[in-house]
Amino acid sequence: MKNRADESLGLTLLKIAAHPVLRRAGIRCLKSIFYHFFFIQYKAALFPGSIPLTWVDHPLDEKIPFSPWWVRRYLDFIAFWVRLIGFLLSAYGRKGLGPALDLIDSMGRLYGFAAQVYTKNLSTTRRPRYLRHPRFILIHATDPHLMCIPSLHVMVVIRAYTAFRDAIRSLGDDRELAPLLEAVKQGAVGITQALLYVKQHSINCVAAALYSMTCFDRALFPPQEALDFIARLFIHSHRPGPEDGERIRKAIREGYGGFLAAAAGASSWEEPLLAFLRGRSLPRPRQEAPQGEAEPPG
């Protein structure tokens, strides 16, 4: 049994394309991503004002330095879950088909789930216009940055590690593969930190995403799992340091807890997020030229 989920992205995509059931699921997933993320967002960008737009920056975002070298880690969020499918297919063969299919289908549903907020209220943050790296050019060219709450990037990586862990447990290998499961969870934490370092999201977006995932599948992401995920953020970082890191974690915990508390009396899962968006009155933040930090050696 392998103990690393480092499958080739290209080979995994070929395996999905070659299997009729997985191929159909992949097409359904791509259609959902295209419609619920790209089509809705670009339509809103072309017709401003058609959907309310809210700025959702948090004051503590300033404690997280803009760090361009994290962009590669951030952009790995799709390959992250596709590689997990590759592991299931490679390590388990036919036994891995069911879990792989479920993961693909759940990703498609996830985009439609988040769109229940986006279609009613868009959100954005102060994102530096940094064009010194080709990957940032790609980001600015393809993402109008209007779908911040809840953060789909965070939702995707959380779904990936929780569904993968559940699949490994169902196959009876969770003890043998405990180090792998821990590494995959830490991978999700790392991507979440990365999107904050490259200023693609605010810590408000992270809290909203954690809440959304508890609503999406409470069995796989209950409150105790969310709190453990939060507790892992920035614990080894130089900047933000220990004090600011704890302030950030506390803000995310409070945001997550506040959404959960509001959900108790809400008529739908998205109502607390929409109430948060409609209750904010932040002025548009002043844009500044991004300085960024020098990339560390190595």
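Using the working numbering, you'd call the opening residue of the sequence shown number 1 and step up by one each time.
Heads up, the beta-carbon is just placed ideally off N, CA and C, and yes, glycines get one too.
Bear in mind that the values here come from a model prediction, so they are computed numbers and not experimental data.
The C-beta of residue 83 has 16 or more other C-beta atoms within 10 Å across all chains shown, which makes the residue buried. Leaving aside the five residues that flank residue 87 on each side, the residues in its chain whose CB is nearer than 6 Å to its CB run, in chain order, 5, 7. If the five residues before and after residue 185 are omitted, its C-beta is found closer than 6 Å to the C-beta atoms of 161, all from its own chain and listed in chain order.
In the displayed model, residue 123 falls within a strand according to three-state DSSP.
In the structure shown, residue 53 falls within a strand segment according to DSSP collapsed to helix, strand and coil. A distance below 6 Å between beta-carbons, with the five flanking residues on each side excluded, links residue 198 to the following residues of its chain, in chain order: 70, 71, 74. Relative to residue 181, the option among 267, 165, 97, 191 whose CA is nearest is 165. Closest by C-alpha distance to residue 12, out of 78, 176, 266, is 78. A direct Cα-to-Cα measurement between residue 249 and residue 20 gives close to 44 Å.
Taking C-alpha positions only, residue 24 is separated from residue 34 by approximately 15 Å.
Distance between residue 119 and residue 219, taken at the CA atoms: about 27 Å. For residue 168, the enclosing alpha helix (DSSP H) has its first and last residue at 152 to 170.
DSSP places residue 189 inside the alpha helix (DSSP H), whose first and last residues are 178 to 197. Taking C-beta atoms under 8 Å as the contact rule, residue 90 and residue 163 fail to qualify, at a distance of about 17 Å.
If you check the CB distance, residue 208 and residue 151 come in under 8 Å.
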